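Presented below is the structure to which this report refers.
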Amino acid sequence: MTSTPQSGNVQTGLTGTQETLFIPLYGRWQDFYSPRPLLGDRWSADIMARLVDKRTETGRRMRGATSSFAFMVLRARLFDRWTAEFLAENARATVVHLACGLDTRALRLRDKCGHGVKWFDVDVPEVIDLRRRIEIPEPEPTAGGYSYTMIASSVVETAWLDHLPTDRPTVIIFEGLTMYLSPEDGQNLIKRLTEHFGSGQMIFDSMPRSTRFILNITLWLKGYWNFTFDWAIDDPRSLEKLHPGMELSAMVRMWEVPGHEHMVWWLRLAAFVASWIPILRHWFHFTRYKF
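One point on numbering: in our numbering, the residue at position 96 of the sequence shown is 100, and numbering is uninterrupted.
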């Protein structure tokens with residue numbers, strides 16, 4: 005489960021929305037080499053060492069948006085914590101990481117998984133192929149117990165769900181996904197997940213319409229990225245109507261995320277100011293649902 009950093013320049017072949025997976029990866033890489041890491045993801049540092057051109061390009065495209073990296077790292081840490089809490093209560097569970105990108109959550113949480121855990125990383129074929137070409141380490145399985153599987157499919161397709169067991173509690177994580185889906189695709193995805201699995205939790209983030217408007221204008225002005233945000237969720241509790249047993253159990257606003265007190269002073273000041281401005285107070289929602 006260890007890896008050795010290797011300098012390289014793997015050609016990714018990703019375009020458009022798929023390229024956004026390099027943004028949180030860049031943030032985790034920056035965090036690992038910072039004086040006081042918040043996540044300390046050494047595997048992400050190894051991956052970035054194999055993507056020299058993408059590291060340079062992402063840094064250029066995201067110039068002036070340093071705060072985005074810090075909060076992406078804190079989001080990842082919060083989602084790790086919520087997932088670990090679920091695993092602590094369910095030794096025999098299924099973990100489904102949708103739109104996993106180049107994330108290494110399965111490695112970060114390997115020690116939190118019981119012998120009966122089945123972990124699935126799901127993303128489009130191009131991304132799964134890139135994970136294999138970069139040779140991201142896979143968590144070590146155990147005889148008759150823990151297993152790790154990658155599934156190459158778009159999450160809006162339906163066939164991939166047939167490969168997932170339904171006989172155990174399931175936690176589903178999708179980080180930085182909802183805003184790229186259409187409202188119809190996003191709502192249908194949640195309905196399919198809650199109907200397929202008997203019980204469990206969903207952990208994901210979302211943005212309201214005000215944030216979508218501001219960020220899409222920013223993307224248009226900068227012209228660096230070939231995508232726009234689509235699905236906006238003003239009230240996370242409104243999703244409860246998608247399934248009779250779905251219940252919002254936790255919501256953390258972007259500026260409330262645990263760990264922001266460890267960031268540099270000017271980011272802490274920005275968070276404090278934003279918490280008093282309605283349009284910024286609800287900039288992003290980090291949510292956990294039971295079903």
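Don't be surprised by glycine CBs; every beta carbon is placed ideally from N, CA and C. Computed from a predicted model, the values in this text were never measured in an experiment.
- Counting only the Cα atoms, Phe124 lies some 23 Å from His247.
- Rounded to whole angstroms, Ala92 and Tyr152 show a C-alpha spacing of 18 Å.
- Residue environment analysis places Arg292 among the buried positions, since at least 16 neighbouring C-beta atoms fall within 10 angstroms of its C-beta.
- Using a 10 angstroms sphere on the CB of Thr170, the tally of other CB atoms stays under 16, which defines it as exposed.
- In the DSSP assignment, Phe36 falls within the unbroken alpha helix (DSSP H) covering Phe26 to Phe36.
- If you check the CB distance, Leu165 and Pro143 do not come in under 8 Å.
- Taking the Cα positions, Trp229 is about 19 Å away from Val128.
- Looking only at Arg114, Asp107, Ser242 and Arg46, the smallest Cα-Cα distance to Pro212 is reached by Ser242.
- Rounded to whole angstroms, the Cβ separation of Gly12 and Ala53 is 7 Å, and the two are in contact under 8 Å.
- If you compare the alpha carbons of Ser214, Pro39, Ala88 and Asn94 with that of Phe233, the shortest gap goes to Ser214.
- Between Arg59 and Tyr30, the C-beta spacing is below 8 Å.
- Cβ-Cβ distances below 6 Å link His119 to Thr146, Gly149 and Tyr150 in the same chain, with the five nearest sequence neighbours on each side left out; the list follows chain order.
- With respect to Leu42, Arg79 sits apart: the two C-beta atoms are not nearer than 8 Å.
- Going by C-alpha positions, Val175 is about 9 Å away from Lys294.
- In the DSSP assignment, Arg109 falls within the unbroken alpha helix (DSSP H) covering Arg109 to Arg112.
- In summary, Lys226 is exposed, with fewer than 16 beta-carbon neighbours lying within 10 Å of its beta-carbon over all protein chains present.
- It is roughly 14 Å from the alpha-carbon of Val277 to the alpha-carbon of Glu265.
- Residue pairing by DSSP places Leu55 opposite Asn13 in a beta bridge.
- Taking all protein chains shown into account, Pro262 has fewer than 16 neighbouring C-beta atoms within 10 Å of its C-beta and is therefore exposed.
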